[in-house]
Amino acid sequence: MLSRSQCRKLAARSVSVSTDHKVAALARRADFPGLVTASGAAWHYLDSAATAQKPQAVIDAASRAMGRDYATVHRGVYARSAEMTLAYEAARRRVAQFIGGQEDELVFTRGATEAINLVAQSWGLANLKSGDRILLSELEHHSNIVPWQMLAERVGAQIDVCPLTDDGRIDLDAAQAILTSDHKLVAFAHVSNVLGSVLDARRAADLAHAVGAKILIDGCQAVPRLPVDVTALDCDFYAFSAHKLYGPTGIGALWAKADILNAMPPWQGGGAMIDKVTFARTTYAPAPQRFEAGTPAIVEAIAFGAACDYVSAIGLEAIHAHEAELVAQTRDALRQMNDITLFGPEDSAGIVSFSIDGIHPHDLGTILDEENVAIRAGHHCAQPLMDKLGVPATARASFGIYSDETDVAALVRGIERTKRIFG
């Protein structure tokens, strides 16, 4: 157990750690108006894996787009509509570039969940049949399980599950042994939302392609923390959301290789996704517009692009190093306390999951909230992984650009208080 003096020393080192990794976390905190309580006290936000706080630059971009710049896109003949269309498509280009892709390969969706469902309902229905197989892993988020179960039930396909290594990584040696020519799709998380374990995505893609399968990578937890280059990874699909990347809710993206995307049929009908409509026949717009039926999330897309700019200005290498330092300090601090079990690898990407003997994570989360510390407590939309770990739930602390050692110290103090309360 850490003493109060140790906690104070832990908090006092925050500036040096931030400076070492060229991430001035204390200065960056000022960019995030949400990091204070209603009374003006500091809020120790350790739930960035659920959703990240928004920097003022993103808020301002959304405000301008919704206010003085607002107009519809792809429809109006007036100047402001044309300007807004340019801004909207510039945001698409910026988001695509952020992950090493091209703008004609990127579809805006309502989020990563919709992006995965799009692949399942468009590419999946067109390419899978009875007897085909899909490979998932034990650590997947429900959003990368349920759409494939629904697809499998509809077409008669089968789902296989890849086990994990002892330290919580997807076991790619096991995946290689499982994969056969019957497998048409592999769907893996790039970074686990519970364990923070990082997938060797290029090797996973090579294994999938070796048997003729496509691979979809769930990148929600990777894009805010790691440099991502979809071309270098050679994946076929990459899904992610804006709100975990310091952007707005209600929008995400699906990146897909151009030849695959262009061959996929539309999955929703309406305005904007058509070429020509008659009662006899409808023809469709090329990708990516083919998959964006209706008026798009204009404001959100522009704010999404602004979030990419904000993160890029800091640098993902620096962000990763900064979060890695905080993860190491948190794990070291928790290891000094009795009755705590840590889950996941030592080099977890920005996430620390743990449990305390005799204390439910929900109770811990409630008491921490009294200390202005926000964590996630529950199954994290990963119930099969909870079954694998043999627990009903875990407590999860997750870091962001704005996190620093004062957050770690506050977490430790809150855990110590909780342990005293439960005796």
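The sequence shown: position 224 = 223 (numbering that gives the first Met the number 0), numbered continuously. Note that CB positions come from ideal geometry on N, CA and C, so glycine has one too.
{"Query": "For tryptophan 266, three-class secondary structure by DSSP", "Result": "coil"}
{"Query": "Rounded separation between arginine 93 and aspartate 346 - CA only", "Result": "30 Å"}
{"Query": "Ranges of the beta strand (DSSP E) found wholly within the region 28 to 113, counting only runs of at least 3", "Result": "105 to 108"}
{"Query": "Coil, strand or helix - aspartate 199 by DSSP", "Result": "coil"}
{"Query": "Member of Val154, Phe31, Asp172 and Ala300 whose CA lies at the smallest distance from the CA of serine 240", "Result": "Ala300"}
{"Query": "Burial state of phenylalanine 278 (16 or more Cβ within 10 Å)", "Result": "exposed"}
{"Query": "Presumed contact (8 Å Cβ cut-off) between arginine 91 and glutamate 82, rounded CB distance", "Result": "In fact, because the Cβ distance is near 15 Å, the residues do not count as touching under 8 Å."}
{"Query": "Cβ distance (whole Å) where leucine 232 is taken to contact arginine 201 below 8 Å", "Result": "5 Å"}
{"Query": "Collapsed DSSP secondary structure at histidine 359 in the structure displayed", "Result": "coil"}
{"Query": "N-terminal and C-terminal residue of the alpha helix (DSSP H) that glycine 413 is part of", "Result": "404 to 421"}
{"Query": "Local conformation of arginine 289 per DSSP, three classes", "Result": "helix"}
{"Query": "Where alanine 40 falls, given that 16 or more other Cβ within 10 Å makes a residue buried", "Result": "exposed"}
{"Query": "Beta-carbon proximity check, isoleucine 98 vs glycine 218, cutoff 9 Å", "Result": "yes"}
{"Query": "Assigned exposure category for alanine 29 - 16 Cβ within 10 Å defines buried", "Result": "exposed"}
{"Query": "Cα-Cα separation between aspartate 406 and alanine 48, rounded to whole angstroms", "Result": "15 Å"}
{"Query": "Among Ala78, Ile318, Ala408 and Gly251, nearest to glutamine 328 - alpha-carbon criterion", "Result": "Ala408"}
{"Query": "Status (buried if at least 16 other CB within 10 Å, exposed otherwise) for leucine 206", "Result": "buried"}
{"Query": "Whether valine 210 touches leucine 178 by CB criterion (9 Å)", "Result": "yes"}
{"Query": "Neighbourhood of lysine 21 by C-beta, 6 Å cutoff - its chain only, sequence neighbours within 5 removed", "Result": "Residue confidence for lysine 21 is low, a pLDDT of 45 falling below 50, so the modelled location carries little weight and cannot support an answer."}
{"Query": "Beta-carbon proximity check, alanine 212 vs lysine 183, cutoff 9 Å", "Result": "yes"}
{"Query": "Classification of tyrosine 77 by the beta-carbon crowding that lies within 10 angstroms, buried from 16 upward", "Result": "exposed"}
{"Query": "Of the listed residues Ala176, Ser397, Tyr69 and Lys243, nearest to threonine 112 (C-alpha basis)", "Result": "Lys243"}
{"Query": "Beta-carbon separation (whole angstroms), isoleucine 115 vs alanine 238, contact threshold 8 Å", "Result": "5 Å"}
{"Query": "The region 360 to 367 contacting the region 413 to 420, beta-carbon criterion three pairs below 8 Å", "Result": "yes"}
{"Query": "Integer-rounded CB distance, given that alanine 373 should sit under 8 Å from tyrosine 44", "Result": "5 Å"}
{"Query": "Three CB pairs or more closer than 8 Å across the region 295 to 313 and the region 244 to 251", "Result": "yes"}
{"Query": "Nearest-angstrom beta carbon gap, leucine 127 and leucine 150 [assumed within contact, 8 Å]", "Result": "7 Å"}
{"Query": "Identity of the residue in Val35, Ala257 and Asp46 nearest tyrosine 245 by Cα", "Result": "Asp46"}
{"Query": "Cβ separation of serine 196 and glycine 343, assumed to be a contact under 8 Å, to the nearest whole Å", "Result": "6 Å"}
{"Query": "Residues bridged to cysteine 161 (per DSSP)", "Result": "Ser136"}
{"Query": "Bridge partners - threonine 393, DSSP secondary structure assignment", "Result": "Gly377"}
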